[in-house]
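Enquirer:
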Amino acid sequence: QVHLVESGGGLVQAGGSLRLSCVASGRTSNINVMGWYRQAPGKERELVATIIPGGTTRYKDSVKGRFNISRNRIGNTVYLQMNDMKPEDTAIYYCNARRAADQYAFWGQGTQVTVSA
């Protein structure tokens, strides 16, 4: 089992920055992909960014050039640096980790990010 705890959400003005962190505990040696998803009110949960061992990243088109995902050296913590934020970035952000053997997904409890105009 893997337990994920997010931190760093909050309220920011448009154009501002926030940094989210997610720490994984438990059987973290079984994890390969880690990432961030978000869900706005009335919308489906969507992928924001992912990172795999070795550092290859993937981003939602609307955050490319503004958001940066990174992972610490031992691989149990993932960060999302969000710059030039827009009101449409407002959502609950969820940390995600996938088990290498079967891609089973673990989820954090979510952290609220609100961007005011």
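The opening residue of the sequence shown carries number 2 in the numbering used here; numbering runs sequentially from there. For every residue, glycine included, the Cβ atom is placed at its ideal position computed from N, Cα and C. None of these values were measured; they are calculated from a predicted model.
(1) When DSSP labels each residue in this structure, what does Ser63 get in the three-state scheme?
(2) Let me know the secondary structure DSSP gives Asn84 once reduced to three states.
(3) Between the C-alpha atoms of Gln110 and Leu5, what's the straight-line distance to the nearest angstrom?
(4) Contact between the region 3-19 and the region 51-64: three or more CB pairs below 8 Å?
(5) Roughly how many angstroms lie between the CA atoms of Pro42 and Asp90, to the nearest whole one?
Expert: To lay it out plainly:
(1) DSSP places Ser63 in helix when its eight states are reduced to three.
(2) In the structure shown, Asn84 sits in coil (DSSP, three-state: anything other than H, G, I, E or B).
(3) If you take the alpha carbons of Gln110 and Leu5, they lie about 8 Å apart.
(4) Judged by Cβ distances under 8 Å, the region 3-19 makes no contact with the region 51-64, as fewer than three pairs qualify.
(5) Each residue's alpha carbon lies about 11 Å from the other.
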